[in-house]
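J.: Basically the working numbering = 1-based index in the sequence shown + 25.
A virtual CB, placed ideally from N, CA and C, is assigned to each residue, including glycine.
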Amino acid sequence: MGTVCAHYTTAVPAEAGPLVHSPSFSTAYHQDLDDVAPTRYGRWGHESADFLEGALGALDGGLSIVFNSGMSAISATLLSLVRSGEVLVVAHDTYYETRQIADQLRERGVCIRVLTDVVRQLPEAVDGARLVLLESPTNPLMSIHDLRECARLVHDAGALLAVDNSVSSPLGQRPLDLGADVVVTSDAKIVGGHNDLILGHVTVRDPELDSLLRDWRHLHGSIPSAFDCWLAQRSIGSLEMRVERQTANATALTEILARRDEVTDLRWPGWTGDPGYAIASRQMIRGGGLLAFRLPGREHLHRFLRASRLITPATSYGGLQSMANDIATWPHIKVPPGYVRISCGCETTADLVQDVLHALDAAL
Ligand SMILES: Cc1ncc(COP(=O)(O)O)c(C=O)c1O
26 MGTVCAHYTT
36 AVPAEAGPLV
46 HSPSFSTAYH
56 QDLDDVAPTR
66 YGRWGHESAD
76 FLEGALGALD
86 GGLSIVFNSG
96 MSAISATLLS
106 LVRSGEVLVV
116 AHDTYYETRQ
126 IADQLRERGV
136 CIRVLTDVVR
146 QLPEAVDGAR
156 LVLLESPTNP
166 LMSIHDLREC
176 ARLVHDAGAL
186 LAVDNSVSSP
196 LGQRPLDLGA
206 DVVVTSDAKI
216 VGGHNDLILG
226 HVTVRDPELD
236 SLLRDWRHLH
246 GSIPSAFDCW
256 LAQRSIGSLE
266 MRVERQTANA
276 TALTEILARR
286 DEVTDLRWPG
296 WTGDPGYAIA
306 SRQMIRGGGL
316 LAFRLPGREH
326 LHRFLRASRL
336 ITPATSYGGL
346 QSMANDIATW
356 PHIKVPPGYV
366 RISCGCETTA
376 DLVQDVLHAL
386 DAAL
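(1) Compare the Cα-Cα distances from Ser49 to each of Asn350, Ser368 and Leu77 and report the closest residue.
(2) Report all residues from its chain with a CB closer than 7 Å to the CB of His383; omit the five preceding and five following residues, and keep chain order.
(3) For the region 201–218 against the region 261–271, are there 3 or more C-beta pairs whose distance is under 8 Å?
(4) Assuming Gln308 contacts Ala80 (C-beta within less than 8 Å), just tell me the rounded distance between them.
(5) Starting from the N-terminal side, write out each stretch of the alpha helix (DSSP H) that is 4 residues or longer and does not extend beyond the region 330–386.
(6) How big is the Cα-Cα spacing for Ser51 and Asp253?
(7) Any idea which residues DSSP pairs Val157 with across the strands?
(8) Output the boundary residues of the alpha helix (DSSP H) element that contains Val61.
(9) Would you say His180 and Thr141 are within 8 Å of each other, going by their C-beta atoms?
(10) From what residue to what residue does the beta strand (DSSP E) around Leu316 run?
(11) How far does the beta strand (DSSP E) with Gly225 in it reach, from first residue to last?
(12) Nearest by alpha-carbon distance to Ser191: which of Leu315, Asp240 and Arg68 is it?
(13) Nearest by alpha-carbon distance to Pro392: which of Gly298, Leu326, Glu40 and Leu159 is it?
(14) Compute the minimum distance between the beta carbon of Asn6 and the heavy atoms of ligand 1, and state whether it is under 7 Å.
(15) For Tyr66, which of helix, strand or coil comes out of DSSP?
(16) From this set, Asp380, Ala205 and Trp293, which residue's C-alpha is nearest Asp85's C-alpha?
(17) Distance check for His71 and Leu158, CA to CA, integer angstroms please.
(18) Three or more beta-carbon pairs under 8 Å between the region 88–97 and the region 220–232, yes or no?
(19) So for Phe92, helix, strand or coil by DSSP?
(20) Okay, do the region 270–287 and the region 144–158 touch, 3+ Cβ pairs below 8 Å being the bar?
(21) Near Ser105, which residues of its chain fall below 7 Å by C-beta distance, leaving aside the five closest residues on each side in sequence?
(22) Go to Thr289, then tell me how far its alpha helix (DSSP H) extends in each direction, as first and last residue.
(23) Between Val207, Leu224, Thr272 and Ala187, which has its C-alpha nearest Leu196's C-alpha?
(24) Using DSSP bridges, identify the partner residues of Val208.
(25) Would the C-beta of Ala127 count as close to ligand 1, meaning under 7 Å from any of its heavy atoms?
(26) How about Ser194 and Pro162: do their beta carbons lie closer than 8 Å?
(27) Whose C-beta lies closer than 6 Å to the C-beta of Ser247 among residues of the same chain, with five residues either side of it excluded?
(28) Given this structure, state the Cα-to-Cα distance separating Tyr364 from Pro165, to the nearest angstrom.
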């Protein structure tokens, strides 16, 4: 996939033409009065969005539609696919703002079934459902759901499966290959990868779903700007290298953390000791840069974060710099104090290892 990433920045070859693709900013287009060609307008689609969709579609293995944020991609999926009177099933550990949209849909007559235990409850909950939305690995606790098995149950019941793939990106996991019908991704994270872009996308294989979502975007005006599309597409050029380094850093940190007495509840899908490892190793391409664990309390965690020179406390994940979140301070999630999500960046592995060892010792 690195080849796809590297070559999707190349413009269509033209004699003495530019090598790389550039954004095209015009939102209005000349019209030939004698021509019957359809009118074009920037909200309905533009070249920079088309070009980015080509790259994302190649990576996800389907037809991609870009949106101006991950939430915009998720709300377009939920609102265009599920109507009043129909059933939407969501896991309790999907992104909290996704669950807020589900709450709003409930107020508008959609029957919402929330799964607190996907394995146990999905077989019954999927009965009569239109759409099931899952996330794996989940943000921030890194739980794993068996996407192949879920797709089988969902399809047997005649429903559609949507998977939020933001924590993995297509370089970590390709949900459409595992049987999902829809994959949604926040590209502000790993795909954008530089913490300077808000963008999202949906990928499907069914052309009818593609045109449904495209019509939704057209009408609701949720297309990203040409500049943002170009920035994302430019970032894709280095996507595989970034994810490989982030995975290498997460591998090295997991090895250290697994040996420390003060660290508990360590989660990283690429680690053999992870409770979800058996499933993750069957469905993921690589473990990625996100891991979660617990230190003994808030003060201990804060000492660790203050002592680290390379891990910055900050929202979001998937960027070049390693970042951390004190998860227990989030109002919508119930975990004991001391829980932290670390997004490994692209620092030199030995530097990050040295920094984390120093910070762990300093926090004791
Ligand atoms: C798993 C997941 N899904 C969706 C979103 C929302 O994406 P965005 O912030 O691009 O709207 C996020 C953002 O943190 C996320 O982590």
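T.: Reading off the structure:
(1) Translated into the one-based positions of the sequence shown, residue 49 becomes position 24. Residue Leu77 holds the alpha-carbon nearest to the alpha-carbon of Ser49 among Asn350, Ser368 and Leu77.
(2) Reading the sequence shown from its first residue, position 358 is the one you call residue 383. Here the set comprises Ala332.
(3) yes
(4) Numbered from 1 along the sequence shown, position 283 holds the residue referred to as residue 308. Numbered from 1 along the sequence shown, position 55 holds the residue referred to as residue 80. Between Ala80 and Gln308 the Cβ distance is about 23 Å, and since that is not below 8 Å, they are no contact.
(5) none
(6) To locate residue 51, count along the sequence shown from 1; it is residue 26. To locate residue 253, count along the sequence shown from 1; it is residue 228. If I take the Cα positions, the gap works out to 14 Å.
(7) For this step, residue 157 is matched to residue 132 along the sequence shown. Its beta-bridge partners are Val114 and Leu186.
(8) On the sequence shown, position 36 is the one that residue 61 refers to. Neither: Val61 is in no alpha helix (DSSP H) and is coded neither H nor E.
(9) For the purposes of this step, residue 180 is taken as residue 155 along the sequence shown, with counting starting at 1. For the purposes of this step, residue 141 is taken as residue 116 along the sequence shown, with counting starting at 1. No; because the gap between Cβ atoms is not below 8 Å, this pair is not in contact.
(10) Here residue 316 refers to the residue found at position 291 of the sequence shown. Start and end: Leu315 to Arg319.
(11) For this step, residue 225 is matched to residue 200 along the sequence shown. DSSP places Gly225 inside the beta strand (DSSP E), whose first and last residues are Gly225 to Val229.
(12) As a first step, residue 191 is located in the sequence shown; it is residue number 166 there, counting from the start. Cα-wise, what sits closest to Ser191 is Leu315.
(13) Outside the modelled stretch of the chain, which goes from 26 to 389, sits residue 392, for which no answer is possible.
(14) The structure shown does not extend to residue 6, since the chain is modelled only from 26 through 389, so no value can be given for it.
(15) Translated into the one-based positions of the sequence shown, residue 66 becomes position 41. Strand, per DSSP.
(16) Counting from 1 along the sequence shown, the entry for residue 85 is found at position 60. Taking each of Asp380, Ala205 and Trp293 in turn and checking the Cα distance to Asp85, the smallest one comes out for Ala205.
(17) By 1-based counting over the sequence shown, the position of residue 158 is 133. By 1-based counting over the sequence shown, the position of residue 71 is 46. Using only the alpha carbons, I get a separation of about 29 Å.
(18) yes
(19) Position 67 of the sequence shown holds residue 92. It is a strand residue.
(20) no
(21) Translated into the one-based positions of the sequence shown, residue 105 becomes position 80. Only Leu237, Leu238 and Trp241 meet the Cβ criterion.
(22) Along the sequence shown, one-based indexing puts residue 289 at 264. First-last for Thr289: Thr289 to Arg292, but that is the beta strand (DSSP E), not the alpha helix (DSSP H).
(23) Taking the sequence shown and counting its residues from 1, the one referred to as residue 196 is at position 171. Looking at the Cα atoms, Thr272 is the closest of the given residues.
(24) Here residue 208 is taken as the residue at index 183 of the sequence shown, counted from 1. Its beta-bridge partners are Val188 and Thr228.
(25) The residue given as residue 127 occupies position 102 in the sequence shown. No, Cβ of Ala127 sits at least 7 Å from all heavy atoms of ligand 1.
(26) Counted from its first residue, the sequence shown places residue 194 at position 169. Counted from its first residue, the sequence shown places residue 162 at position 137. Their beta carbons are not under 8 Å apart, which means Ser194 does not touch Pro162 by this criterion.
(27) Numbered from 1 along the sequence shown, position 222 holds the residue referred to as residue 247. Answer for Ser247: Phe92, Asn93 and Ser97, listed in chain order.
(28) The count along the sequence shown starts at 1 and reaches residue 364 at position 339. The count along the sequence shown starts at 1 and reaches residue 165 at position 140. Cα to Cα, Tyr364 sits roughly 10 Å from Pro165.
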